Structures are given as C-alpha cells and as structure tokens.
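Following: one structure in structure tokens, then a few remarks.
Numbering (full-length UniProt numbering), first residue to last: 1 to 359.
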C-alpha cells in the first residue's frame, strides 16, 4: 500500500455540558484489506474517471480500485493514471497490481516510475504527519476556546413558520420545512432520550452519487448498519440523521425532483434499518455570506433538535456521539462532519471504525 497500512489516532476535542476541555481518542481505521488494484487497457471509451469524471479513451491505460460491494459482488472504480488515489490504496510495488504483466513495456515503465514517485512523496508526508497533527490540535483548542466566549446563535422556532412545502417543492407526508431545513416529524416509536446517536447520511449510512437521482439510487455503505442501529435503539438511544443537501436549493428548475430523491432515499433507508429515526436536512448553500446557520459544520440542526425535538430531555454528552465520513482525511470531500462534532462537543467516529469494528 503506497500510503502504508498503519491505523492512525487523532485527538478530537470533546466538551461535555460544562464545556471543560478534555480529549478523547478518535481511531481512524484504514481501508479494508480486501481492496485490490488492477490495470488494463480501456476496452472502449465509455468508462469515466472516478476523480475527474472525464472519459477514459479506448486503448489507454486505466487503473481500477476493486472492492467488495455490500451486496457481495466486486465493484471497480476506474481512474486515469494521473488521477489514481495512490495514497488510499494497497500498493507497495507494481507486483501488487493485477494485470501489470500484460502491459506493454513502455507502459510498465511509466507506471513503475509513477509508483516510485508516489512512494517517495508519501514517505515525506508520513515523516511530517506528527508535526501537522500537533499543530492542528493546538489550532483546534484555540478555536474552541474562542467559541466558548462567543454567544450561541438563538433561533426563534415557531409553528407558524413551519411549512409542508420547501419553496415551490411539495413535501411528502410527515415531512416539514422550517427556514432552510427539512425535517421528519415525530414518527411512531421515536422517543426523546438523553442518549443521542447521530449520523451523517451520504457516504456514511448510504452509498449515493450526486449524478444519480431517484429514491432507489442508493445502497447500504456497510451491511452491519441495520443491526447496529437496532442495537442502539434497543439500548435507549434516539437515532438522528443530520445531512446537508444543497442540491435542493441549487436545482431551482428541478427542485421537486431533488426533494423527492433525497426524502425518498431517507424513507427507504429507515425502512431497511427497521427503527424510527429523526431526520434533519440542511438545504442551504455553502460558501455564501451570511453563512447558513443549519448547514454543517454550523450547529443549527443540532440546536433545533436539542431545544425543539427532544421533549425537553437534557442530553448526556458523555453517552452521545456523531458518526460522519467528512473528517478532513486525505481523499475526504471536506471536514464538515468532524468540525460539526467538535463544535457541539460530541465524540466523533468515522463510519469504517463505527460499523466495521467488532461488537
């Protein structure tokens, strides 16, 4: 593996109700060892690179990540050579790559040179990693200390402001909108609790793709998810999903399709999970001024849940936690999830750790 298969520990600031700073350890597990790398000449020009989304020309060299889909079959994600995420895959030499021996000599030389370059680069990154983590911890502590002195944004929640539409899109029964969030009203079997098990949705609970629209366009990220959620529910946890979905705001001409797609996937997921789940969808756009107070890493969705949708039951921060895939790791699309957890003071897990660890 070019990125060296070593599990890493990161300290994540954790603040209980009294906001006294202390630390918990976040274990970030490496990619499953079943992941393989393959190389071949593209048979046609129909495949697209998973990083840049550009077509891979026929007869050109393409590298693929082969992993097990939750339903049991092999799935391959193809890349251009210069787009391949070497830092996240198990390759220590060209001998680890299936199909390497079938390449022409000039292509073998190109690939071998690329791998050697990546190994050297990653070694430098590894050597500097400890210093970077220490600096990040100090910066985070300083940010959190400053946050403690800032007033918490209070949002006036009024039933008169709740709608059964989001702008021009009609919501399904039991779903309501307030400002820039859509939420699922209290459902049968959902109870207030001092213990909150909170999750991101896309890339954490469900495998989705922004280019695929529709209620059926998803699959479980991990086969253990239903059993794990049922166990938490039986242990007295309230399950909550906090998910960003800016397409609902962005797709002005097809907002109804975006709403139906997102809510449809969530409803299907809840049926598969077999337990009641509270859901909050932040529809606001990122990188706008003023910033949307509900879009993660902002804590508006959590604050609304805590103050308006938990029947006044105080939340035990020692037992509550949040799971999300946007942890700022190399290859992650952002760090919104880990910053969301830090701002609230919740223990944080990445999905691989939480759903794949032994129970």
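Positions of the beta carbon are idealized from the N, C-alpha and C atoms, including for glycine. None of the values given here were measured: they were computed from a predicted structure.
C-beta contact flag for residue i and residue j at 9 angstroms
i, j, result
"residue 355", "residue 265", "no"
"residue 275", "residue 233", "yes"
"residue 65", "residue 50", "yes"
"residue 244", "residue 343", "no"
"residue 281", "residue 240", "no"
"residue 262", "residue 247", "yes"
"residue 204", "residue 249", "no"
"residue 302", "residue 242", "yes"
"residue 186", "residue 161", "no"
"residue 348", "residue 312", "no"
Test: residue i CB closer than 9 angstroms to a CB of chain D
i, result
"residue 190", "Among the protein chains of the structure shown there is no chain D, as only one such chain exists."
Exposure label - residue i; buried when at least 16 CB within 10 Å
i, result
"residue 93", "exposed"
"residue 142", "Because the pLDDT at residue 142 is just 48, under 50, the model does not fix this residue reliably, and the value given afterwards should be weighed accordingly. The residue in question, residue 142, is exposed, as its Cβ has fewer than 16 Cβ neighbours within 10 Å."
"residue 181", "buried"
"residue 340", "buried"
"residue 289", "exposed"
"residue 345", "buried"
"residue 46", "exposed"
"residue 57", "exposed"
"residue 350", "buried"
"residue 191", "exposed"
"residue 159", "exposed"
"residue 299", "buried"
"residue 314", "exposed"
"residue 102", "exposed"
"residue 310", "buried"
"residue 95", "exposed"
"residue 292", "buried"
"residue 296", "buried"
"residue 238", "buried"
Member of the options whose CA lies at the smallest distance from the CA of residue i
i, options, result
"residue 167", "259, 36, 343", "259"
"residue 77", "111, 38, 303, 205", "38"
"residue 362", "293, 199, 284", "Because the chain here runs from 1 to 359, residue 362 falls outside it and cannot be looked at."
"residue 63", "161, 100, 118, 206", "100"
"residue 333", "237, 209, 348, 353", "209"
"residue 308", "36, 193, 73, 109", "193"
"residue 41", "74, 96, 85, 111", "111"
"residue 305", "157, 68, 291", "157"
"residue 217", "108, 257, 252, 188", "257"
"residue 36", "75, 323, 53, 48", "75"
"residue 73", "53, 96, 219, 79", "219"
"residue 83", "108, 53, 107, 97", "53"
"residue 236", "189, 295, 68, 291", "189"
"residue 294", "113, 254, 107, 177", "177"
"residue 80", "67, 59, 68", "59"
Endpoints, the beta strand (DSSP E) within which residue i is located
i, result
"residue 56", "It is not in any beta strand (DSSP E) - residue 56 carries neither H nor E in the DSSP assignment."
"residue 104", "Careful: residue 104 lies outside any beta strand (DSSP E) and carries neither H nor E."
"residue 363", "Outside the displayed range of the chain (1 to 359) lies residue 363, so it cannot be described from this structure."
"residue 282", "278-282"
"residue 176", "175-178"
"residue 396", "Residue 396 falls outside the range modelled here, since the chain spans only 1 to 359, and no answer is possible."
"residue 67", "61-68"
Element boundaries [alpha helix (DSSP H), containing residue i]
i, result
"residue 336", "336-344"
"residue 40", "Residue 40 -> not in any alpha helix (DSSP H); beta strand (DSSP E) instead, spanning 36-41."
"residue 300", "300-308"
"residue 213", "Taken as a continuous stretch (DSSP letters only), residue 213 belongs to no alpha helix (DSSP H), as it is neither H nor E."
"residue 233", "225-234"
"residue 273", "255-273"
"residue 248", "247-250"
> Is it true that the segment 204-216 meets the segment 160-174, where meeting means three or more beta-carbon pairs spaced less than 8 angstroms apart?
Replying inline: Touching, no.
> Between the segment 326-333 and the segment 269-278, are three or more C-beta pairs nearer than 8 angstroms?
Replying inline: With the cut-off at 8 angstroms, the segment 326-333 and the segment 269-278 do not touch.
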